[in-house]
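Below: the structure, in structure tokens.
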Amino acid sequence: MRQDFGIIDTTLREGEQFADAYFSTGQKRRIARALDAFGVQYLEVTSPAVSKRSMADVQALVRMGLRARILAHVRCHPDDIAAAIKSGVHGINLFFGTSSFLRQAGHGRSLDEVLEAACAAVRQVQAAGLEVRFSCEDTFRSDLDEILPILRAVDALGVQRIGLADTVGIASPRQVYALASLLHNELHADLGFHGHNDSGCAVANAYAALEAGVRYIDTTVLGIGERNGITSLEGLIARLSATDSGLLARYNLHGLIPLAEMVSEITGVPIPFNHSIAGSHAFTHRAGIHLGAVLRDPRSYEALDPALFGAERRLDLAHALTGRRAVEHRAQELGIALSPKQLATVTTGFKNRAARGRVGLPELDAAIRAGAVVAGAAAQ
Ligand code: HCA
Ligand code: CU
11 MRQDFGIIDT TLREGEQFAD AYFSTGQKRR IARALDAFGV QYLEVTSPAV SKRSMADVQA
71 LVRMGLRARI LAHVRCHPDD IAAAIKSGVH GINLFFGTSS FLRQAGHGRS LDEVLEAACA
131 AVRQVQAAGL EVRFSCEDTF RSDLDEILPI LRAVDALGVQ RIGLADTVGI ASPRQVYALA
191 SLLHNELHAD LGFHGHNDSG CAVANAYAAL EAGVRYIDTT VLGIGERNGI TSLEGLIARL
251 SATDSGLLAR YNLHGLIPLA EMVSEITGVP IPFNHSIAGS HAFTHRAGIH LGAVLRDPRS
311 YEALDPALFG AERRLDLAHA LTGRRAVEHR AQELGIALSP KQLATVTTGF KNRAARGRVG
371 LPELDAAIRA GAVVAGAAAQ
């Protein structure tokens, strides 16, 4: 795992390709500012050649003077590259479809033509003094023997980064690891990984890429992007926080949940209940066995410490799966001391009641109060 690993957030490019997403200039600025404050190294933005507005927005983002460097995502086309250079971005991310699917149904060019256009594009960016990345779109369905000459050629030109794109979300972690390791040995440039989530592996694949020596991962907030999106920023941070927290020193982790909430509000996309870190129940514990252990030591059932993200652990105490330690904990919160016998009676009675229908904390509190009084009176 590289200590100099970095994040290229593409919420403002790939995220703009998410169904229904629309970002006003002001919203793009808000998102960019929050991502910069969080600490990502790069922000990828939509090609300035797309429209006059896209050009004006990119120029506005560049003028913000953020720490993060701004990269335009641009086809290997001289006019598009010229527009990106004019916009003032710090670098350009070039791409070209190399799988037979994208060659035949997409641009219709031969691999020799792709190689030629890619090298010309790289030279054009370099002549303007900007950093440049080249990526084979649909890398994982491309023929390795066919793309290696292209990658070697752009590598020999001295590109800063070479991207591996799992465009249709088909790759498995083992496949990503194998290809990324091979290219890591083969090429001089830093590698980047961009992975879609169609088959649910976007975060796992990004992690496998890092394990294989890839330096940069593309993310979006909430994972938004074409179809069902790409590696989410929150998922990647959760993955690294679980086992490689040393890599996260530069990130302002308390900014992550507010960032997810901001993008959710702007796009109108609710944060999925099972989303890493920002999901509504990411730090809620329920079953009695879990509650009992978490009350002794939260690490018993937590890979991630909620406090790292400015979040609070929640204990869901009042339901049929609760347990004695959970009820005792609630009684202590209420300032009520229950004897072991009272605790057993209250717990069993409450669990039986909760099994018959939905109840909540008020019912548990009432049961604790009643149990303390009744059993206490009986004992006298
Ligand atoms: C696209 C495709 C892309 C490009 C990724 C990259 C993909 O929408 O243009 O340039 O690294 O998934 O292949 O997002
Ligand atoms: Cu993509």
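Residue numbers (our numbering): 11 to 390. Cβ coordinates follow ideal geometry from the N, Cα and C atoms, glycine included.
Between which two residues does the beta strand (DSSP E) carrying residue i extend?
i	result
Asp254	Neither: Asp254 is in no beta strand (DSSP E) and is coded neither H nor E.
Ala26	The amino acid at residue 26 is misidentified as Ala; the sequence shows Glu. Counting along the chain, Glu26 falls outside any beta strand (DSSP E), and DSSP gives it neither H nor E.
Asp19	Gly16 to Asp19
Leu158	No beta strand (DSSP E) holds Leu158; the alpha helix (DSSP H) holding it covers Leu154 to Ala166.
Ile80	Arg79 to Arg85
Glu312	Where Glu312 is concerned, there is no enclosing beta strand (DSSP E), given that its DSSP letter is neither H nor E.
Would you tell me roughly how many angstroms separate the C-alpha atoms of residue i and residue j, rounded to the nearest one?
i	j	result
Val135	Thr229	24 Å
Val224	Phe203	7 Å
Ala382	Gly289	37 Å
Gly210	Ala259	27 Å
Gln170	Glu54	15 Å
Ala330	Gly245	31 Å
Ala138	Gln51	21 Å
Asp375	Ala297	18 Å
Ala19	Val231	Just to set this straight, residue 19 is Asp in the shown sequence, not Ala. So the two alpha carbons sit approximately 8 Å from each other.
Leu161	Leu167	10 Å
Ile281	Lys62	32 Å
Val313	Glu275	According to the sequence shown, residue 313 is Ala rather than Val. So the alpha carbons of these two residues sit roughly 28 Å apart.
Met60	Ala94	In the sequence as presented, Met is not what sits at residue 60; that position holds Val. Taking the straight line from one Cα to the other gives about 10 Å.
Pro372	Arg79	52 Å
Lys38	Tyr311	38 Å
Gly332	Gly370	The question names Gly, but residue 332 in the sequence shown is Thr. Going from the Cα of Thr332 to the Cα of Gly370 covers about 11 Å.
His206	Leu353	51 Å
Pro88	Ala317	49 Å
Met11	Thr241	18 Å
Ser191	Val99	31 Å
Ala29	Glu338	48 Å
Arg323	Gly302	14 Å
Leu305	Glu141	51 Å
Quick one: residues in its chain with C-beta nearer than 8 Å to the C-beta of residue i, no 5 flanking neighbours on either side, listed in chain order?
i	result
Gly256	Gln13
Gln27	Gly235 and Glu236
Ala44	Gly265, Pro268, Leu269 and Met272
Ser97	Pro58, Met65, Val68, Gln69, Val72 and Ala82
Ala163	Leu125, Ala128 and Cys129
Pro183	Cys211, Ala214, Asn215, Tyr217 and Ala218
Ile172	Arg143, Phe144, Ser145, Leu161, Val164, Asp165, Leu193, Leu197, Ala199, Asp200, Leu201 and Gly202
Give the DSSP bridge partners of residue i, in chain order.
i	result
Ile91	For Ile91, which the question treats as bridged, DSSP gives no partner whatsoever.
Asp200	Arg171
Cys146	Phe106 and Leu174
Tyr226	Gly16 and Gly202
Tyr52	Ile18 and Arg79
Leu325	His295
Glu236	In DSSP, Glu236 forms no bridge with anything.
Below 6 Å CB to CB, which residues in the same chain sit around residue i once its five sequence neighbours on both sides are set aside?
i	result
Thr108	Cys146, Ser152 and Ile157
Arg379	none
Gly386	Residue placement at Gly386 is flagged as unreliable, the pLDDT there being 49, under the threshold of 50; a coordinate-derived value is accordingly withheld.
Phe106	Cys86, Val124 and Ala128
Ser286	Glu244, Gly245 and Ala248
His198	Asp165
Tyr5	With the chain covering only 11 through 390, there is no way to say anything about residue 5.
Arg77	Asp46
Leu121	Glu156
Thr56	Arg23, Glu26 and Ser64
Gly179	His206, Asn207, Asp208 and Ser209
Among the residues of its own chain, which have a CB less than 7 Å from the CB of residue i, if the five just before and after it don't count?
i	result
Leu112	Glu147 and Asp148
His291	Phe283
Ala388	Below a pLDDT of 50, predicted positions are generally treated as unreliable, and Ala388, at 45, falls in that range; the measurement from the model is reported next regardless. None.
I'd like the span of the alpha helix (DSSP H) that includes residue i, first residue to last.
i	result
Thr277	Leu266 to Thr277
Tyr187	Pro183 to Glu196
Cys129	Leu121 to Ala137
Ala47	Thr35 to Phe48
Tyr217	Ala212 to Glu221
Ala66	Lys62 to Arg73
Thr420	The shown model of the chain, from 11 to 390, leaves out residue 420, and the question about it has no answer.
Val337	Arg334 to Glu343
Gly302	Gly298 to Arg306
Residues surrounding the ligand HCA [beta-carbon distance to nearest heavy atom under 5 Å]: Going by the Cβ distance cut-off, the answer is Phe105, Ser145, Glu147, Gly173, Ala175, Thr177 and His204.
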